[in-house]
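Colleague: Protein chains in written order, with our numbering: chain A, 695 to 812; chain B, 53 to 166. Glycine included, each C-beta is placed from N, C-alpha and C at the ideal position.
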Amino acid sequence: EAQVTQNPRYLITVTGKKLTVTCSQNMNHEYMSWYRQDPGLGLRQIYYSMNVEVTDKGDVPEGYKVSRKEKRNFPLILESPSPNQTSLYFCASSLSKYWRGTVAYEQYFGPGTRLTVT
Amino acid sequence: DQQVKQNSPSLSVQEGRISILNCDYTNSMFDYFLWYKKYPAEGPTFLISISSIKDKNEDGRFTVFLNKSAKHLSLHIVPSQPGDSAVYFCAARGISGSARQLTFGSGTQLTVLP
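In structure tokens, the structure reads:
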């Protein structure tokens, strides 16, 4: 089954304790991305990766790190989490295909990771 | 400054009627628009998209309309079903920058009443 998986799904941690949220896709997608969802703000992009060893900042990269050493994996690292990073996080990977005559850049999303930093 | 805006946080519609979800954007460089649906405890799923060279795209009960001059797009669901109850996000892709970088709106919670 084609899917994007994230672990853990739920995490409660304390300020300053380093954590990693893993993301893996089995669709051989080149593009992967991390978003955070906050009330009233929708989905905001944190980092994205066009391919292995190619990453770039999104709209809200402060306080986060990523790496892309393998095509299927794109972990999100919080070196020193703070309470303002409490959020719902989504990983996504991109399929590029023709859909009714146009290129459809649809993204497949993981199930989300709810992070609480106290 | 939000470049993609969904001004209605919520919408309630009777089953069988039309649901119209709206989205406005400010960046004239956006060339591709998508709608995603999100159920609780799940990630968003792709619903329908439209290129800026078109003004309408239809897929079953779902139709997306694009008015470039007004920088406005809308999603029509006809007829609405209780299973359509979800949060709907519109998203836009810019010509510059990453080909797959999307800017999302804040979402509209649609409730279809049986």
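Who does V683(A) pair with in a DSSP beta bridge?
Modeller: Residue numbering for chain A in the displayed model covers 695 to 812; residue 683(A) lies beyond these limits and cannot be assessed.
Colleague: Compute the distance between the beta-carbons of G159(B) and G736(A), then report whether it is under 7 angstroms.
Modeller: For this step, residue 159(B) is matched to residue 107 along the second sequence. For this step, residue 736(A) is matched to residue 42 along the first sequence. For G159(B) and G736(A), yes; Cβs fall inside 7 angstroms.
Colleague: Confirm, please, whether the CB-CB distance from S126(B) to V65(B) is below 7 angstroms.
Modeller: In the second sequence, residue 65(B) corresponds to position 13, counting from 1. In the second sequence, residue 126(B) corresponds to position 74, counting from 1. Cβ distance not < 7 angstroms, so V65(B) and S126(B) don't count as in contact.
Colleague: Check T160(B) in the structure and name its three-state DSSP category.
Modeller: Counted from its first residue, the second sequence places residue 160(B) at position 108. In this structure, T160(B) counts as strand in the three-state DSSP scheme.
Colleague: Would you mind sorting S157(B) into buried or exposed? The rule is 16 or more other CB atoms within 10 Å of its CB.
Modeller: Residue mapping note: residue 157(B) aligns to position 105 of the second sequence, counting from 1. The sequence shown places Gly at residue 157(B), not Ser. It is buried - the Cβ of G157(B) has at least 16 other Cβ atoms within 10 Å.
Colleague: Report the partner residues of W699(A) according to the DSSP bridge assignment.
Modeller: By 1-based counting over the first sequence, the position of residue 699(A) is 5. It should be noted that the sequence gives Thr, not Trp, for residue 699(A). Answer is S718(A), bridged to T699(A).
Colleague: Work out the CA separation of I100(B) and S121(B) for me, nearest whole Å.
Modeller: In the second sequence, the residue the question calls residue 121(B) occupies position 69. In the second sequence, the residue the question calls residue 100(B) occupies position 48. Distance between the alpha carbons of S121(B) and I100(B) is about 21 angstroms.
Colleague: For the beta strand (DSSP E) that D732(A) lies in, which residues bound it at each end?
Modeller: Looking up residue 732(A) in the first sequence gives position 38. Per DSSP, D732(A) belongs to the beta strand (DSSP E) from M726 to D732.
Colleague: Does the segment 758-776 of chain A touch the segment 729-746 of chain A, meaning 3 or more C-beta pairs lie closer than 8 angstroms?
Modeller: Yes, the segment 729-746 of chain A touches the segment 758-776 of chain A.
Colleague: Given that L809(A) touches chain B, what residues does it touch there, using C-beta distances under 7 angstroms?
Modeller: Position 115 of the first sequence, counted from the first residue, corresponds to residue 809(A). Ordered by position in chain B, no residue passes the 7 angstroms Cβ test against L809(A), which lies about 15 angstroms from the chain.
Colleague: If you measure from the beta carbon of F82(B) to each beta carbon in chain A, is any gap under 7 angstroms?
Modeller: Taking the first residue of the second sequence as position 1, residue 82(B) is located at position 30. By this cut-off, F82(B) is not an interface position.
Colleague: Taking the beta carbon of A786(A) as the centre, do at least 16 other beta carbons fall within 10 Å, making it buried, or is it exposed?
Modeller: On the first sequence, position 92 is the one that residue 786(A) refers to. Under this definition A786(A) is a buried residue.
Colleague: Counting contacts by CB-CB distance shorter than 7 angstroms, is F156(B) in contact with chain A?
Modeller: Counted from its first residue, the second sequence places residue 156(B) at position 104. Yes, contact with chain A.
Colleague: Quick one: is E110(B) near chain A, going by C-beta distance under 7 angstroms?
Modeller: Counting from 1 along the second sequence, the entry for residue 110(B) is found at position 58. No, no contact with chain A.
Colleague: Per the contact definition of three or more C-beta pairs closer than 8 angstroms, is the segment 65-84 of chain B in contact with the segment 137-147 of chain B?
Modeller: Result yes; three or more Cβ-Cβ pairs closer than 8 angstroms.
Colleague: What's the call for A696(A), buried or exposed, on a 16-neighbour Cβ count within 10 Å?
Modeller: Numbered from 1 along the first sequence, position 2 holds the residue referred to as residue 696(A). By the neighbour-count rule (16 or more Cβ atoms within 10 Å), A696(A) is not buried but exposed.
Colleague: If we cut at 7 angstroms on Cβ distances, does F803(A) have a partner in chain B?
Modeller: Locating residue 803(A) in the first sequence gives position 109, where the first residue counts as 1. Yes, F803(A) counts as interfacial toward chain B.
Colleague: Assign E800(A) to one of two classes, buried (16 or more other C-beta atoms within 10 Å of its C-beta) or exposed (fewer than that).
Modeller: Start at 1 with the first residue of the first sequence, and residue 800(A) comes out as number 106. Buried, because 16 or more other Cβ atoms sit within 10 Å of the Cβ of E800(A).
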